[in-house]
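Undergrad:
2 protein chains.
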Amino acid sequence: MSAETWLEQLHDNGYRITAARRAVVDTVFSSTHALTPSEVHDAARKKYRALGLVTVYRTLEKLEELHLVQRVHQPMGCQAFIAAGIGHQHLLLCQQCGRVEFFEGDDLDALTSSIAKKTGYQIKEHWLQLFGLCSDCK
Amino acid sequence: MSAETWLEQLHDNGYRITAARRAVVDTVFSSTHALTPSEVHDAARKKYRALGLVTVYRTLEKLEELHLVQRVHQPMGCQAFIAAGIGHQHLLLCQQCGRVEFFEGDDLDALTSSIAKKTGYQIKEHWLQLFGLCSDCK
DNA sequence: TTCTTTATTGAAAATCATTTTCAATAATTA
DNA sequence: TAATTATTGAAAATGATTTTCAATAAAGAA
Numbered sequence: 139m140s141a142e143t144w145l146e147q148l149h150d151n152g153y154r155i156t157a158a159r160r161a162v163v164d165t166v167f168s169s170t171h172a173l174t175p176s177e178v179h180d181a182a183r184k185k186y187r188a189l190g191l192v193t194v195y196r197t198l199e200k201l202e203e204l205h206l207v208q209r210v211h212q213p214m215g216c217q218a219f220i221a222a223g224i225g226h227q228h229l230l231l232c233q234q235c236g237r238v239e240f241f242e243g244d245d246l247d248a249l250t251s252s253i254a255k256k257t258g259y260q261i262k263e264h265w266l267q268l269f270g271l272c273s274d275c276k
Numbered sequence: 139m140s141a142e143t144w145l146e147q148l149h150d151n152g153y154r155i156t157a158a159r160r161a162v163v164d165t166v167f168s169s170t171h172a173l174t175p176s177e178v179h180d181a182a183r184k185k186y187r188a189l190g191l192v193t194v195y196r197t198l199e200k201l202e203e204l205h206l207v208q209r210v211h212q213p214m215g216c217q218a219f220i221a222a223g224i225g226h227q228h229l230l231l232c233q234q235c236g237r238v239e240f241f242e243g244d245d246l247d248a249l250t251s252s253i254a255k256k257t258g259y260q261i262k263e264h265w266l267q268l269f270g271l272c273s274d275c276k
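Listed in order, the protein sequences are those of chains X and G. All residue numbers for the first sequence refer to this note's numbering, where the first residue is 139 and numbers rise by one. All residue numbers for the second sequence refer to this note's numbering, where the first residue is 139 and numbers rise by one.
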C-alpha cells in the first residue's frame with residue numbers, strides 16, 4: 139500500500155487526480171499521527187502552496203468513503219484522521235506524543251457472548267482502543 | 139443514585155440549585171438514550187419552558203466535570219451525553235433505537251500485556267464499546 | 001495533439017454548534 | 001430581610017464545516 143495506490147483508488151472510483159489531492163494524500167498517508175483537517179492543510183501546503191482548506195475537507199471525505207482513512211476518537215476531540223488499517227484492527231494511541239499504531243488479534247468472543255447473555259443484546263460490532271505511552275515516550 | 143443526588147452534588151461543589159438545572163438534571167438522569175445538548179434542551183423545556191440552550195451547555199459541562207454524565211462516542215457523532223456509570227464500565231449501544239447500557243467485568247489484561255510486548259507501549263487505559271441490537275429491537 | 005466535457009478548485013458566503021459577553025434576576029447566607 | 005454573588009437567557013462572537021460559484025484543469029474523444 140502506497141500513496142500511489144490511494145490515488146489509483148480515487149481514479150478507479152471516477153475521481154480525478156490533481157495536485158491538490160496528491161498533496162493531501164501524501165500528507166495523510168505518511169503521517170504516524172492523527173491529523174485534523176487544519177493540520178493536514180498546514181502540512182500539505184508545504185507540498186502544494188495554493189491548497190485550500192475546503193479541498194482538504196473534500197478530499198478527506200472521499201478517502202473516508204473509500205475506507206482509506208478513518209476518524210480517530212480521542213478524549214480531546216474526534217476530528218482527526220489517520221490512514222486506515224486493513225481488516226479488523228484496533229488503535230493504540232500514545233498519550234504523550236500522539237503516535238498511532240494499529241493492532242489486531244483481539245478475541246472478545248468470550249466477553250461478548252457473556253454480555254449478550256446478561257443484557258439480551260445481539261452484539262454486532264465492537265470498538266476497542268488502547269491508550270498509553272509509546273516506546274520513545276515512556 | 140437519583141436526580142436529587144446529582145443536585146446535592148452540584149450544591150456540595152458550590153453550585154446553586156435552580157429551576158433550570160433541575161430540568162436539565164431530571165432530563166439527563168432519567169434518559170436511557172444519549173442526548174445531544176439540543177435534544178436535552180427540547181426535552182427539558184417541557185419541564186421548564188424558559189430554559190435557554192446556553193444553560194444546557196453550561197449544566198452539562200458541570201455534570202461532566204463531576205463525572206455524573208459522560209460523552210458518548212458514536213460513528214455518527216460524539217456530542218451526546220448519558221448518565222455516567224459508576225467505576226470502570228463500558229457502553230453497549232443499540233444501533234436501532236439508540237438505547238445505552240453499561241456493562242463491566244471486561245478482563246483485557248491478557249490482551250493488553252500481549253500488545254504491550256509486541257508494540258513496546260506501556261498501556262494505561264482502554265476504551266471498549268459494543269454495538270448491537272437490544273432485546274426489543276432484535 | 002487539440003478539443004470538449006465536466007469534475008475540481010479556492011474564495012467568499014452561509015450554516016451550524018459552541019462559547020462569550022452582559023445586564024437582569026434569583027439563590028444563598030449573614 | 002438584606003446583601004452578595006452565582007446564574008440566567010438573549011444576543012453577539014467564535015470556530016469548524018459546508019455550500020455556492022465562476023474560473024480552471026483533468027480525462028477521454030476526435
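Backbone N, C-alpha and C fix where the C-beta goes; we use that ideal spot for every residue, glycine too.
Pairing CB atoms from the stretch 153 to 166 of chain G with CB atoms from the stretch 188 to 207 of chain G, are three or more of them under 8 Å?
TA: yes
Undergrad: Opposite Val192 (chain X) in the DSSP bridges: which residues?
TA: Note: Val192 (chain X) sits in no beta bridge, so no partner.
Undergrad: Quick one: does Gly152 (chain X) have its CB under 9 Å from some CB of chain G?
TA: no
Undergrad: Helix, strand or coil for Ala221 (chain X)? Go by DSSP, reduced to three states.
TA: strand
Undergrad: Give a yes or no on whether the C-beta atoms belonging to Gln217 (chain G) and Leu271 (chain G) are separated by under 9 Å.
TA: The answer is no: Cβ separation not under 9 Å.
Undergrad: Going along chain X, which residues have a C-beta under 9 Å from Ser273 (chain G)?
TA: Correct list: Thr257, Gly258, Tyr259, Gln260.
Undergrad: Measure the C-alpha to C-alpha separation of Asp244 (chain G) and Ala221 (chain G) and round it to an integer number of angstroms.
TA: 20 Å
Undergrad: Going by DSSP, what residues sit across from Ile261 (chain X) in a beta bridge?
TA: G:Gly270
Undergrad: Quick one: complete alpha helix (DSSP H) runs, 4+ long, within the stretch 147 to 184 of chain G?
TA: 157 to 167, 175 to 182
Undergrad: Beta-carbon separation of His264 (chain G) and Glu242 (chain G) under 9 Å?
TA: no
Undergrad: Considering only residues of the same chain and omitting the five flanking positions on each side of Leu268 (chain X), which have a CB-CB separation below 6 Å?
TA: Leu230
Undergrad: Mind checking whether Gly215 (chain G) and Thr174 (chain G) have CB atoms under 9 Å apart?
TA: yes
Undergrad: Cβ closer than 7 Å: which chain G residues qualify as neighbours of Glu202 (chain X)?
TA: Chain G residues near Glu202 (chain X): none, gap ~11 Å exceeds 7 Å.
Undergrad: What's the gap between the Cα of Lys185 (chain G) and the Cα of Gly223 (chain G)?
TA: 25 Å
Undergrad: Between which two residues does the beta strand (DSSP E) carrying Glu242 (chain X) extend?
TA: Note, Glu242 (chain X): premise wrong, no beta strand (DSSP E); not H, not E.
Undergrad: For Leu198 (chain G) versus Gln147 (chain G), is the C-beta distance shorter than 9 Å?
TA: no
Undergrad: Looking only at C-alpha atoms, which of G:Ala172, G:Met139, G:Thr257 sits nearest to His211 (chain G)?
TA: G:Ala172
Undergrad: Straight-line CA distance for Cys155 (chain G) to Gln208 (chain G)?
TA: Going by the sequence as given, residue 155 (chain G) is Ile instead of Cys. If you take the alpha carbons of Ile155 (chain G) and Gln208 (chain G), they lie about 21 Å apart.
Undergrad: So, under 8 Å CB-CB, Val166 (chain X) and Leu189 (chain X) are touching, yes? Tell me the CB distance rounded to an integer number of Å.
TA: Taking 8 Å as the upper bound for CB-CB distance, Val166 (chain X) and Leu189 (chain X) are not in contact here, some 13 Å apart.
Undergrad: By how many angstroms is the C-alpha of Phe219 (chain X) removed from the C-alpha of His149 (chain X)?
TA: Straight-line Cα distance between these residues: approximately 21 Å.
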